[in-house]
Amino acid sequence: MLRRGLNRLCGGDEKRVDSRTIYVGHRPCPPTEAFIPPKFCDNRIVSSKYTVWNFLPKNLFEQFRRIANFYFLIIFLVQVIVDTPTSPVTSGLPLFFVITVTAIKQGYEDWLRHKADKEVNKYPAIRLEKGRRAPTQSENIKVGDVVEVVEDETFPCDLILLQSSRDDGTCFVTTASLDGESNHKTHYTVPDMEKDLESLSATIECEQPQPDLYKFVGRMHIYRRDQETLVRSLGPENLLLKGATLKNTKKIYGVALYTGMETKMALNYQGKSQKRSAVEKSINGFLLVYLSILVSKALVCTSLKYWWQSRDGQDEPWYNQKTQKERDTYKFLKMFTDFLSFMVLFNFIIPVSMYVTVEMQKFLGSFFITWDKDFFDPEIEEGALVNTSDLNEELGQVEYVFTDKTGTLTQNNMEFIECCIDGFQYKNRDSCSELDGFCVTDGPISKLQEKAGREKEELFLRALCLCHTVQVKEAGPDELTELDLVDQVDGLDRPLAQPQEERGFIASSPDEVALVKGAMKYGFTFLGLESKTMKIKNRQNDIESYDLLHVLNFDPVRRRMSVIVRSRTGETMLFCKGADSSIFPRVKQEEVDRIRTHVERNATEGYRTLCVAYKRLSPEEFAEAEERLQEARLALQDRDEKLTAVYNQVETNMSLIGATAVEDRLQEEAAETMEALQGAGMKVWVLTGDKMETAKSTCYACRLFQRGTELLELTVRTLEDGGRRREERLYELLQDYHKRAVQDAPPAKPGITRSWATAQQEYGFIIDGATLSLVLNPADANSSRYKSLFLQICQNCCAVLCCRMAPLQKAQIVRMVKNCKGSPITLSIGDGANDVSMILEAHVGIGIKGKEGRQAVRNSDYAIPKLKHLKKLLLAHGHLYYVRIAHLVQYFFYKNLCFILPQFLYQFFCGYSQQPLYDAAYLTMYNICFTSMPILAYSLLEQHLCIEVLMDNAILYRDIAKNANLRWGPFLYWTILGVFQGLMFFFGVRFLFSNPALQDNGQVFGNWSYGTTVFTILVFTVTLKLALDTRHWTWINHFVIWGSLAFYVFFSFFWGGIIWPFLRQQRLYFVFANMLSSVSAWLTIILLILLSLLPDILLMVFRKPKTHVRQLTEDTLIHRPESCSSHTVIV
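According to the working numbering, the sequence shown is numbered sequentially starting from 683.
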């Protein structure tokens, strides 16, 4: 204990404060290692947000953090405290409705989380107690417990594998629920483990919990009597994660390492940043304007009230004498109270219910994406997935699209095409010549029809069979595997390598399976890995066995992987495969020259290339490498960095054998999708880790680059051409490209697509990761302008290709564009774990349900099965969502302005006495009942243009770009319309009331009849205005529009036709019925509704549609007349 304490204080070689110690089975260790174990959390999973006790205060606190809710709370409190003209119910009830609906929604969602937590926590489990199996529940497992898991069960917590029922000490798991990968992963028991776990005395030192699923460092101390303590390294291969499932293994035993909320699964679902849409920012801007209008109205009325009362006889008329208390009240306090009263009277200009409607529109609207049958992919039997409904409208505002290449633009379905061995090309084609079992075609021109030596051929094929992490899966008798097929190789129609049992291959990357199958075509078959022994069958059908000593894993930085194996003759060899940029610097230059031509040609043809090298290790070299590897693997701190250093030292002075070419075909309709996005005005950037030539070929195939496109290249190769310092050459090239693409380029005409702008030179930009580092992180402090020049050039190019990119650089690119002038809306789309950073960085993140796991899908806002679905998601769904919610926001402000303007004008005719124009029931129910459902239905179902028109004419997307419908121009139009109609309502009814006798009996209407008439015209006008704006009618629209008007009439009769005992005064008793008994009132209501809607009607009749919209719509109707006429609600 003293030694541990001193190590902690002094630091030692390890920072123990960042590690934890676990006692296996809670057994005490030898006295020399005595240590009081710290307390760890239990194994309960808590994904819920609330409890029964804190739901009310916590939920209310969160809701009142929203400015509009807090504002209405203040107004409600003012009504309660101050003598205001309206009842507190008028603002309290709408606020209560909003708070209640939101609380019910959030409470229900949290109840579902509680239900899911309970199901997980009560899951049955078995742990070992004193050598006996003791049934328990998952939530009772503690750190240090030894747990038993049987086949097809999920692991109840993060476990270190101690024992397996398999003879080789391995087990297989699937992590589909964690990262979507359905292939079987192999995990290994800790070496030198006791067979009798009851007698095991061991401690585990490991890192504190962290969310990375693929990283783990630790070590186990195994204590044995009268023997030296064994120390074994622990890595991800020993860790079984909670949520993963045991497969093809009868049972395993593991020790609980991380439990409950400290498991990697629990940590992985936390901390996702909240994204806000541009519409929310526009709403906040409009709210400030209307809040200013509200304050101005209150100030005007307060000032005019005291001006009016300053006149003789107006302050205290004979019929309304002040009390002594009123006379003694401080004047400025009375003025402030009156100001608050006017604020309360006019507060309905702020639409609090709009927030609930917007939330419901987003939540319900997201289901239409999930339900869209066009997004269903029969291959994976899945459709689209919505992880975030708050960004639906952002799909209609995208300006920049950042896409991955492999698995996104391409299928990530690899097929072995050819290989190059020692400078000679070997290609598998339909017709080929047979030369000693090899198909040899079009080698180097100087060595046509020649071939490499037999020894080099077999060495290359052995490398393909040994340098991988592929698993062999036994196939059932009814399953069809690749080996059932007959490969036409060497001119012979026969299966090359038919093993006794049918097999299938499983790997984390499709590249590896393609290379193993490629070796099979040439006579070398990988038979599998058993107890660290790899077996292959050569062309003579002899079985070769190799001991697998070490695997130097692949990572995106090194861009290569290696294996160290030992043959039966005792020879130790290292086989390495990786990207050419990673392999070439580590082999002899003369070997590179022989193979570089083939690699570059294959990359130009669009193939994925890998280089293969090997190295024979002497016993001394292997011993030194093994010692350093063991030391690095036992490290708790900086283990990855130490391992990388050892890998780099071992992988030097290798001999280059050859290279492979694997084809990754384009995704279905990839070119059409990219062309549509560019036609819609979006800039497409391809961010990939592949070679420049391969990625460039893909860009041409996807029509991002056209044959006439001039490519501006900024790569390491172009920087080295000038023979000067890289920084100087970089600045020179940037200035040259800026002059050509920006300064000399004619100004772009809006609305012109690239296919029409044939006279204008188009530019494409290419940059690699190394050069990008110089641009984004310049060593020269005076070179900060690199970034600005680079961004301006890219913005003027039709497409940008960034190759050899690291995942972090992808995020840096997205962040740079997102934060540039104008703050354009960005979208990132990818399918792999290396795309997660840019998906999280962009405004909208799209995950492809591809073959590289589901990390991208889990971290995305939306997930689609294939790239082609992006076209409809943006051009149709995104376009409609934006138009709908923009109309919803503008309509809410408009109808509330129409509602409150007559109330403001009424103050000029009632001595600024704060007399309300409308009854309290109307004030309360206007936004909640009378006008809420029609706009909600409109915002969910409206289609101002047919889906087919939007899909076929991408240029229509440009009409709504840059938040066009929520700019200040449309906002001013809606505001002027609201002012015009408010004036029409008030003064039109006032003109009617200038006739003193409106009823048959000669009686006159009172002030409540006046307000009811205005309110009736208001409700009918704003509802019919929405009906005029509706282009796509369904039975739901008819029901809610005409139903809302009928409900208003029914409510008015019902509310005024009964004497309600709980009301002190009933202002509307038979007012509505008396009003409708007057023919003049009927005539005025109908006439004013028509006059109020006349500007909209005239605008619809005389306004000419945009030329391209009219032409495109006519063309669509001519070619497909049934598509719009019989169109049903599909979004």
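Quick reminder that beta carbons are idealized off the backbone N, C-alpha and C, glycines included. On a predicted model such as this, the values are computed, not experimentally measured, just so you know.
Item, Value
"Any chance the region 843 to 860 sits against the region 740 to 747, with 3 or more Cβ pairs inside 8 Å?", "no"
"Any idea which residues DSSP pairs Tyr940 with across the strands?", "Asp840"
"Three or more C-beta pairs closer than 8 Å, one from the region 980 to 990 and one from the region 1020 to 1040: is that the case here?", "yes"
"What does the Cβ neighbour count give for Pro1598, buried or exposed, with the cut at 16 atoms within 10 Å?", "buried"
"Per DSSP, what kind of secondary structure is Thr1657 in: helix, strand or coil?", "helix"
"With which residues is Phe1187 paired in a DSSP beta bridge?", "Val1154"
"Under a three-way DSSP split, which group does Leu723 fall into?", "The sequence shown places Cys at residue 723, rather than the Leu named in the question. Three-state result, Cys723: coil."
"Spell out the partners DSSP gives Asp1887 in its beta bridges.", "The first residue shown for the chain is 683 and the last is 1813, placing residue 1887 beyond what the model contains."
"Could you give the residue range of the alpha helix (DSSP H) that holds Met1042?", "Ser1035 to Trp1053"
"Could you work out which residue in Cys853, Met1487 and Lys1707 is closest to Ser628 when comparing CA atoms only?", "Nothing about residue 628 can be read from this structure; the chain reaches only from 683 to 1813."
"Relative to the C-alpha of Gln892, which residue among His866, Asp874, Ser1300 and Thr945 is closest?", "Thr945"
"Please report the distance separating the alpha-carbon of Gln1349 from that of Gln1663.", "54 Å"
"Compute the distance between the beta-carbons of Asp757 and Asn1578, then report whether it is under 7 Å.", "This sequence places Ile at residue 757; Asp is not what is there. No, they are not a contact pair."
"Would you identify the three-state DSSP class for Trp1367, choosing helix, strand or coil?", "strand"
"Report the partner residues of Glu1100 according to the DSSP bridge assignment.", "Lys1109 and Ala1343"
"Grouping DSSP H, G and I as helix and E and B as strand, with all else coil, what is Thr857?", "strand"
"What does the Cβ neighbour count give for Trp793, buried or exposed, with the cut at 16 atoms within 10 Å?", "exposed"
"Considering only the alpha carbon of each residue, which of Asn1284, Ala1295 and Phe1257 lies closest to Glu1273?", "Ala1295"
"Are Pro838 and Ile823 touching if we call contact CB-CB under 7 Å?", "yes"
"For Thr1716, tell me which candidate among Ile1629, Asn1235 and Gln1625 has the shortest Cα-Cα distance.", "Gln1625"
"Tell me where the alpha helix (DSSP H) around Lys1707 begins and ends.", "Asn1689 to Asp1711"
"Identify, in the order they occur along the chain, each residue of the same chain with its Cβ nearer than 8 Å to the Cβ of Met1017, setting aside the five sequence neighbours on each side.", "Thr984 and Tyr988"
"From Pro1506 to Val1518, what distance separates their C-alpha atoms?", "20 Å"
"In terms of DSSP beta bridges, what is Gly1827 paired with?", "With the chain running from 683 to 1813 in the structure shown, residue 1827 is simply not present."
"Under three-state DSSP, which class holds Thr1397?", "coil"
"Which of the three DSSP states is assigned to Cys1147 in this structure?", "helix"
"What residues are listed by DSSP as bridge partners for Pro817?", "Ile808"
"When you compare each of Glu835, Cys1592 and Leu1292 to Phe1236 by their alpha carbons, which one comes out closest?", "Leu1292"
"What's the gap between the Cα of Glu1226 and the Cα of Val1233?", "19 Å"
"Report the partner residues of Cys1485 according to the DSSP bridge assignment.", "Asp1450"
"Per DSSP, Arg1298 forms a beta bridge with which residues?", "Met1255"
"Going by other Cβ atoms of all chains shown within 10 Å of its Cβ, with 16 needed for buried, is Ala1481 buried or exposed?", "buried"
"Mind reading off the beta-carbon distance from Ile1826 to Ser1510? Whole number of angstroms is fine, and I expect it under 8 Å.", "A query on residue 1826 cannot be resolved here, the shown segment of the chain reaching from 683 to 1813 and no further."
"Which word fits Thr836, buried or exposed, when buried means at least 16 other C-beta atoms lie within 10 angstroms of its C-beta?", "buried"
"Report the three-state DSSP secondary structure of Phe1472 (helix, strand or coil).", "helix"
"With DSSP as the reference, label Ser959 as helix, strand or coil.", "coil"
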